[in-house]
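Trainee: Those protein sequence lines, which keep their order, are chains A and B. So the first sequence is numbered by the numbering used here: it starts at 443 and just counts up by one. So the second sequence is numbered by the numbering used here: it starts at 142 and just counts up by one. Every residue, glycine too, gets a C-beta built ideally from N, C-alpha and C. Just so you know, these numbers come straight off a predicted model, no measurement behind them. Here it is, the structure in full.
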Amino acid sequence: MIKGFLIIFTLLFLGDSISNLFSIPIPGNVIGMILMTVALKYKIVKLEDIKPVSDVLVNNLAFFFIPPGVGVMVYYNLIKNEFIPIVAAWFLSTLLVFTVVGKLQDKLSRKNGNN
Amino acid sequence: MGIISDPIFSIAITFFVYFLAQKIYRRYNFMLFNPILLSIVAIIVLLKTVGIDFQTYNKGGRFISFFLGPSVIALGVPLYVRFEEIRKKGGLSIIVSIAIGSVVGILSAALTAKLLGASKSVVASIAPKSVTTPIAMGITEKIGGIPSLTAAIVVATGILGAVIGPAFLRFIGVKSKVAFGLAMGSASHGIGTARAFQEGELEGAVSSLAIGLNGIATAIITPLLFYLIYKL
């Protein structure tokens, strides 16, 4: 457990440092996610050391989004002023991304001979 | 009021509401009863009723959202476990789908908002809505939007994707698990990814990959498209 958290926070720190140092628009945690995959691939990190902690975090990812979600209540006034364009863009664009990425990748994956 | 403004109260109430929301979702399995959506709505109603503002709630809430950072790092684990499978089933085509999806997401959001009369700063705030919050806020800042508005729209997009995404993808006939995960992560970032993991580890891993790739693509493409939209 301790070792797992040590690995996670080290990678998070590395990711944040890389993001800040080179001022790239990709946040430290996304860089850290990629570092985690690479570290596992090159056996710098052992799967059995990280799995107990990563499973808990990944399985409860949704829960951690609740406070930022509640935060939407603060911005209601911002949204209210241009409610219709914002809601229409939010809804249509989300459906469109689902359709384009889902259908396109479905076709491309099938062409690859599997799904 | 003293007890209610204790950060521990926020934390306890969030656990309690989510615990109930999961029970309700498992019992009825109806998509609008998505546990994140139910919890957020319930907590907002509760706070409004009792008269607690978000800042007070968030004194405890931030201890919960703190774990988002480490959780995103943890997404690298299933991504590693499923990497070979993703490479075999998707390969380079994933990059193509993500890039096209990124352009479609930005253009459709920005153009819909603009055509319906949104102001330039609102259009700038909604353009990067499909990517994870820190990336989206960074993009918005660069093109003259309102970062806090973007944060709200990004969360709302994640919830929308998590709630309707799986049913919608099945409805339009998406069969491959790679395509399913990729669409979830591309359209609705982390919240969609959390939902994708409920379908399976492969779907979740692909969705995690999509958060990263779509984040990078959208960070590069949005300023360019935004410039074009307001030039042409």
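Check whether the stretch 269 to 277 of chain B and the stretch 161 to 180 of chain B touch, using three or more Cβ-Cβ pairs below 8 Å as the test.
Mentor: Flag = no, the stretch 269 to 277 of chain B and the stretch 161 to 180 of chain B do not touch.
Trainee: Please list the residues of the stretch 527 to 547 of chain A that have a C-beta atom closer than 8 Å to any C-beta atom in chain B, keeping them in chain order.
Mentor: Hits within the stretch, in order: Pro-527, Ile-528, Ala-530, Ala-531, Trp-532, Phe-533, Leu-534, Ser-535, Thr-536, Leu-537, Leu-538, Val-539, Phe-540, Thr-541, Val-542, Val-543, Gly-544, Lys-545, Leu-546 and Gln-547.
Trainee: Under three-state DSSP, which class holds Arg-223/B?
Mentor: In this structure, Arg-223/B counts as coil in the three-state DSSP scheme.
Trainee: Residues in its own chain within less than 6 Å of Ile-449/A by CB, not counting five upstream and five downstream?
Mentor: Correct list, in chain order: Val-487 and Ile-492.
Trainee: Give the single residue among Ile-528/A, Pro-509/A, Lys-485/A and Pro-494/A whose Cα lies nearest to the Cα of Lys-270/B.
Mentor: The option with the nearest alpha carbon to Lys-270/B is Ile-528/A.
Trainee: Could you check what DSSP says for Leu-343/B in three-state terms: helix, strand or coil?
Mentor: The answer is helix: DSSP assigns Leu-343/B an H, G or I state.
Trainee: Taking only the alpha-carbon atoms, compute the straight-line gap between Leu-216/B and Leu-477/A and give it to the nearest angstrom.
Mentor: About 11 Å.
Trainee: Does the beta-carbon distance from Asn-175/B to Ile-300/B come in below 9 Å?
Mentor: For Asn-175/B and Ile-300/B, yes; Cβs fall inside 9 Å.
Trainee: Are the C-beta atoms of Met-515/A and some chain B residue less than 9 Å apart?
Mentor: True, the Cβ-Cβ gap to chain B drops below 9 Å.
Trainee: How big is the Cα-Cα spacing for Ser-262/B and Gly-279/B?
Mentor: Distance between the alpha carbons of Ser-262/B and Gly-279/B is about 14 Å.
Trainee: Closer than 9 Å between beta carbons: that is the criterion. Which residues of the stretch 187 to 214 of chain B meet it against chain A?
Mentor: The residues in question are Leu-188, Lys-189, Asp-194, Phe-195, Gln-196, Tyr-198, Asn-199, Gly-201, Gly-202, Arg-203, Phe-204, Ile-205, Ser-206, Phe-207, Phe-208, Leu-209, Gly-210, Pro-211, Ser-212, Val-213 and Ile-214.
Trainee: Please determine, among Ile-144/B, Ile-149/B and Gln-339/B, the residue with the shortest C-alpha to C-alpha distance to Tyr-166/B.
Mentor: Selected option, being the one with the closest Cα: Gln-339/B.
Trainee: Return the residue from the list Lys-164/B, Phe-160/B and Pro-211/B that minimises the CA-CA distance to Phe-451/A.
Mentor: It is Pro-211/B.
Trainee: What is the rounded straight-line gap between the Cα of Ile-294/B and the Cα of Phe-160/B?
Mentor: Near 26 Å, if we compare the C-alpha coordinates of Phe-160/B and Ile-294/B.
Trainee: By DSSP, does Ala-162/B sit in helix, in strand, or in coil?
Mentor: The answer is helix: DSSP assigns Ala-162/B an H, G or I state.
Trainee: Is the beta carbon of Leu-193/B sitting closer than 9 Å to the one on Ser-146/B?
Mentor: Note on residue identity: the sequence assigns Ile, not Leu, to residue 193/B. Yes; because the gap between Cβ atoms is below 9 Å, this pair is in contact.
Trainee: In the structure shown, what three-state DSSP assignment does Asp-458/A receive?
Mentor: The answer is helix: DSSP assigns Asp-458/A an H, G or I state.
Trainee: Quick check on the burial criterion: 16 or more other C-beta atoms within 10 angstroms. Buried or exposed for Pro-494/A?
Mentor: Its Cβ having fewer than 16 others within 10 Å, Pro-494/A is exposed.
Trainee: Just tell me which of Leu-257/B, Ile-352/B, Leu-179/B and Met-325/B has its CA closest to the CA of Ile-473/A.
Mentor: Cα-wise, what sits closest to Ile-473/A is Ile-352/B.
Trainee: Report the option in Tyr-484/A, Asp-497/A, Gly-544/A and Leu-550/A whose CA atom is closest to the CA atom of Gly-446/A.
Mentor: Nearest C-alpha to Gly-446/A: Asp-497/A.
Trainee: What is the residue span of the alpha helix (DSSP H) that Ser-238/B lies within?
Mentor: Run containing Ser-238/B: 234 to 256, per the alpha helix (DSSP H) assignment.
Trainee: What distance in whole Å lies between the Cβ atoms of Ser-238/B and Leu-534/A, which are believed to be in contact at a cut-off of 8 Å?
Mentor: With a Cβ gap of about 19 Å, Leu-534/A and Ser-238/B do not count as contacting.
Trainee: Here's a check: name, in chain order, each residue in its chain whose Cβ is nearer than 7 Å to the Cβ of Gly-333/B, leaving out the five neighbours to either side.
Mentor: The residues are Gly-299, Gly-302, Ala-303, Gly-306, Met-325, Gly-326 and Ser-348.
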